[in-house]
Each structure stands twice: as C-alpha cells, then as structure tokens.
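Counting from 1, one number per residue, gives the positions in the sequence shown under the UniProt record's numbering. Quick notes on the structure that follows.
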Amino acid sequence: MPVPASTREWSVIVPLKPWHVAKSRLAVDSQSRTALAEAFARDVLEIVAMSSYVGQLVVVSAEPTLTVPRAGKAIILRPPTTGLNAAISFGSRWVRRTRPGPVAVVPGDLPALTLPVFEDALKAATSFDRAHVPDRDGKGTTILTAADPCALSPNYGPDSARRHAVAGSHVMTGVDIRTRCDIDTIADLAHAQTLGVGKHSAEAIRNVEFCRMWGRREPRRPATI
Numbered sequence: 001m002p003v004p005a006s007t008r009e010w011s012v013i014v015p016l017k018p019w020h021v022a023k024s025r026l027a028v029d030s031q032s033r034t035a036l037a038e039a040f041a042r043d044v045l046e047i048v049a050m051s052s053y054v055g056q057l058v059v060v061s062a063e064p065t066l067t068v069p070r071a072g073k074a075i076i077l078r079p080p081t082t083g084l085n086a087a088i089s090f091g092s093r094w095v096r097r098t099r100p101g102p103v104a105v106v107p108g109d110l111p112a113l114t115l116p117v118f119e120d121a122l123k124a125a126t127s128f129d130r131a132h133v134p135d136r137d138g139k140g141t142t143i144l145t146a147a148d149p150c151a152l153s154p155n156y157g158p159d160s161a162r163r164h165a166v167a168g169s170h171v172m173t174g175v176d177i178r179t180r181c182d183i184d185t186i187a188d189l190a191h192a193q194t195l196g197v198g199k200h201s202a203e204a205i206r207n208v209e210f211c212r213m214w215g216r217r218e219p220r221r222p223a224t225i
C-alpha cells in the first residue's frame, strides 16, 4: 500500500545515554539497568527503522557499543556536549542540513511501542506544526514533533509536557498509551509488561531478578495490535 504523501520521509532523532548511566531511577542493580537500557533502545530503534514513513534515523549517543539496524537509513552522531536537549538540538541541526522536512524525537525507553502505534502517532502529528506526546502521568514528554526541523524546540526534563505546551506545542493525548509508557521506575516497567514489550526488552526482563518477585512468566507482546 502506498504511503500517504503527508507521512513520507520523516527524520527521527533518537537520543540515547550511554548504557551504564541510563535509567538511573530504575531500582535494580547496575548490570541489570545497563542491560535493560540497551534492550529498550534496541526495540525502539528497530521499530523506527522498519517504518516506511521514516526516511532518516538519526541516533545521537556517546555509547561506544551502539549499532543501528538498517545502516543505510540510519546514522550515529556523537554529541559534542552532554545533556538530553543538547543532544536533540545537535541531531536537529544535522537534519536541517541533510533532509529538511518533518522531524520527530523518539526516546529510547518505549519498550511497548509497536510499528502500527508509532506510525499512527506520526500520522496524527502531521496535523500540527509542533506537537508532543505526554507520558503516562502527564508531566513528562515522550515523542516530540515539528513540521520543520528549525521549529523543533526540545524542553525535556521536569514538567516538560507543560513547558512544551506553553511554548506552543500541541498536546497529543489521544494517541495509544504505548507511545506514553516510558520507563523510569519499576512500576513503569510493570505497566509496560501488561501492554506487551518488544523481544529485546522481554529477554532482558527475563534475566532480571525482580521479574520473579512479580510472579510473571515470560513477557510477551500481543499477537495482534
């Protein structure tokens, strides 16, 4: 089926911390945090790379072991400075030079994201010059979009959903909950499991001690969307 013109050729920026410093609020041992952070990111990167709506995947990360799927579609940029918003801005400057057009920021900790859900969010975002998806509690931000990379203005951090809205970004509350389920705490991860997680995340969760405390069997993504 042809891709609608309004949803073609998105550039997607995925900013990623080095695995060993990511997910610091997740109450597990450091080895498990590292494994989970990498697994979440691998699932997200595979979803984005598979999308026919995405023309360019820009991964901004200092993680030395990082690899990307579909290398011809993706590039890894090493950020010159630290900080999430600085990394996103660095990626957006690359997009302006290489592929002007709609741009989305997708965090690397959405393990319940699926391809149809992701593409539905992109389609919804085409109705707005700037838009953002709030996280489950409505305070943070997961996906951030702009019709023009010059208009992308990341304000991630505490109370980011409100700050993005005040800056003129449309709040996309009607999208699937799987776009809103980022992972900061054990409770977030437990909720993601109820939605179904990707294969890399499922494997990492199986290897974490707290999985037995929940009394869960192998996490599985639902067969149908």
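Glycine included, C-beta positions come from ideal geometry on N, C-alpha and C.
Check                                                                                                          : Outcome
Assigned exposure category for Gln31 - 16 Cβ within 10 Å defines buried                                        : exposed
Strand pairing of Pro15, partner residues [DSSP]                                                               : Val60
Cross-strand partners of Leu144 (DSSP beta bridge)                                                             : Val105 and His132
Other residues of its chain near Phe90: CB distance less than 8 Å, five sequence neighbours each side excluded : Val60, Leu77, Pro79, Pro80 and Thr81
Where Ile75 sits in the DSSP three-state scheme                                                                : strand
Buried versus exposed call for Ile177 [16 or more other C-beta atoms within 10 Å across all chains shown]      : exposed
Buried or exposed by the 16-neighbour rule on C-beta atoms within 10 Å, applied to Pro181                      : The sequence given here has Cys at residue 181, not Pro. Flag for Cys181 reads buried.
Cross-strand partners of His170 (DSSP beta bridge)                                                             : Ala131
Leu26 to Arg96 span [Cα, whole Å]                                                                              : 35 Å
Under 8 Å between C-beta atoms of Ala41 and Gly108                                                             : yes
Distance between Val117 and His164 (C-alpha atoms, nearest Å)                                                  : 22 Å
Residue nearest to Ser201 in terms of C-alpha spacing, selected from Pro64, Pro18, Thr114 and Glu63            : Thr114
Reduced DSSP category for Val175 - H, G, I as helix; E, B as strand; rest coil                                 : coil
C-beta atoms of Thr145 and Ala86 nearer than 8 Å                                                               : no
Pick from Val48, Phe128, Pro154 and Asp159 that is closest to Pro70, judged by C-alpha positions               : The sequence given here has Arg at residue 70, not Pro. Ranking the options by Cα distance to Arg70, first place goes to Val48.
Inter-residue spacing [alpha-carbon to alpha-carbon] between Thr141 and Ala161                                 : 5 Å
Neighbourhood of Leu84 by C-beta, 7 Å cutoff - its chain only, sequence neighbours within 5 removed            : Pro15 and Tyr156
Same chain only: Cβ atoms within 7 Å of Asp159, ignoring 5 sequence neighbours per side                        : Lys139
For Gly91, three-class secondary structure by DSSP                                                             : helix
Pair within 8 Å by beta-carbon distance, Arg99 and Gly55                                                       : yes
Where the alpha helix (DSSP H) containing Arg42 begins and where it ends                                       : Ser30 to Met50
Proximity below 8 Å, CB of residue 245 to CB of Ile143                                                         : What is shown of the chain runs 1 to 225, which leaves residue 245 out entirely.
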